[in-house]
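Position one of the sequence shown corresponds to residue 124 (our numbering), numbered consecutively onward. Beta carbons: idealized from backbone N, C-alpha and C, even for Gly. Here the structure is a predicted model, which means the values were calculated and not measured.
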Amino acid sequence: MQESSPLVQVEQVYKVYGDGTARSRSVAATPFAVHALDNVSLTIAKGEFVAICGPSGSGKSTLLNLIGTLDKPTNGRVLINGVDVSTLKGNALADFRRNTIGFIFQLFNLVPSLTALENVMLPLIPYRRKAGFNVPERARELLAGLGLENRLNHLPGQLSGGEQQRVAIARALLNRPQLILADEPTGNLDSQNGSEILALLQRLNQEQGVTLALITHDPGIAAQANRVVQLQDGRLPDVEV
124 MQESSPLVQV
134 EQVYKVYGDG
144 TARSRSVAAT
154 PFAVHALDNV
164 SLTIAKGEFV
174 AICGPSGSGK
184 STLLNLIGTL
194 DKPTNGRVLI
204 NGVDVSTLKG
214 NALADFRRNT
224 IGFIFQLFNL
234 VPSLTALENV
244 MLPLIPYRRK
254 AGFNVPERAR
264 ELLAGLGLEN
274 RLNHLPGQLS
284 GGEQQRVAIA
294 RALLNRPQLI
304 LADEPTGNLD
314 SQNGSEILAL
324 LQRLNQEQGV
334 TLALITHDPG
344 IAAQANRVVQ
354 LQDGRLPDVE
364 V
């Protein structure tokens, strides 16, 4: 792919749970300290599709949470569009996250008592007047584009796993985010639905230029990415795939 400016910059990031004073594995750790990330640096270009791989406990979800502003590094910094997100707090952080990042999870995280349409609109219901677009109309368009135009008023329990994940993807796209973070988005799906969801994410990346960072254990899914980064014991190797 052509060179593009960076959207995400992870710079010498350490994440230690249980003892915020330890900087790296070379520092003596208390029995309660867990070094989830150790001096990780990573740049993701605008429009890139990056697969993040590694065994369980290697730090994949921790890295995704830091990029997604759901957690803060112990040391180092994470920049998105040049903004050091660790400096943002309260409403400023929530606004930045809502306007910049979309999340897709393995477990869908749909509200059982809300329809597909209501689940998609949910993140922006308190901000409809500030959205700059018609939220219900945008939600309907997204669901229709994902083949769910006849499922708008169905509850999650009335949808298949693949349909529920499409609702979750529509929700992630509602506010036109620049960055989509997906944590094992096909993990709870059968092979056919998993392939369809992957193809959908690829189209979003290739046709709409959405930057995609995706955690996966599946080598076949990782092979579809522009680049694969392999975490091992909280570290990235010097050479990426």
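| Query | Result |
| --- | --- |
| Please state the DSSP three-state secondary structure of ARG289. | helix |
| Thinking just about the alpha-carbon of each residue, which of GLY332, ASP356, ARG358 and SER318 is nearest to the one in ALA345? | SER318 |
| How far does the beta strand (DSSP E) with ARG274 in it extend, from its first residue to its last? | That residue, ARG274, is in no beta strand (DSSP E); it is neither H nor E in DSSP. |
| Given a threshold of 16 other Cβ atoms within 10 Å of its Cβ, counted over all protein chains shown, does GLN287 qualify as buried or as exposed? | buried |
| Give me the Cβ distance between LEU245 and LEU275, rounded to the nearest whole Å; I'm assuming they're in contact under 8 Å. | About 14 Å; that fails the 8 Å criterion. |
| Whose C-beta lies closer than 8 Å to the C-beta of THR223 among residues of the same chain, with five residues either side of it excluded? | ILE203, ASN204, PRO300, GLN301 and LEU302 |
| Quick one: grab the DSSP three-state call for GLN329. | helix |
| What's the gap between the Cα of GLY199 and the Cα of LEU278? | 43 Å |
| For ARG350, report the span of its alpha helix (DSSP H) as first-last. | Element bounds for ARG350: not the alpha helix (DSSP H) but the beta strand (DSSP E), 350-353. |
| With DSSP as the reference, identify every bridge partner of HIS158, one or two as the case may be. | VAL139 |
| Less than 8 Å between the beta carbons of LEU230 and ASN316, yes or no? | no |
| Within 8 Å of any Cβ in chain D, is that where the Cβ of LEU165 sits? | The structure shown contains no chain D, having only a single protein chain. |
| Quick check: ALA262 and VAL243, are their CB atoms within less than 8 Å of each other? | yes |
| Measure the C-alpha to C-alpha separation of ILE167 and GLY285 and round it to an integer number of angstroms. | 28 Å |
| DSSP three-state label for VAL234, please. | coil |
| Start and end of the beta strand (DSSP E) containing PHE226? | 224-228 |
| For GLY191, does the count of other Cβ atoms within 10 angstroms reach 16, so buried, or fall short, so exposed? | buried |
| With 16 other CB atoms within 10 Å as the buried threshold, where does SER181 fall? | buried |
| Taking C-alpha atoms, which residue in ASN328, VAL206, ASP313 and THR339 lies nearest to LEU296? | ASN328 |
| Thinking just about the alpha-carbon of each residue, which of GLY177, SER127, PRO259 and LEU271 is nearest to the one in ASP341? | GLY177 |
| What does the alpha-carbon distance come out to for the pair LEU304 and VAL290? | 15 Å |
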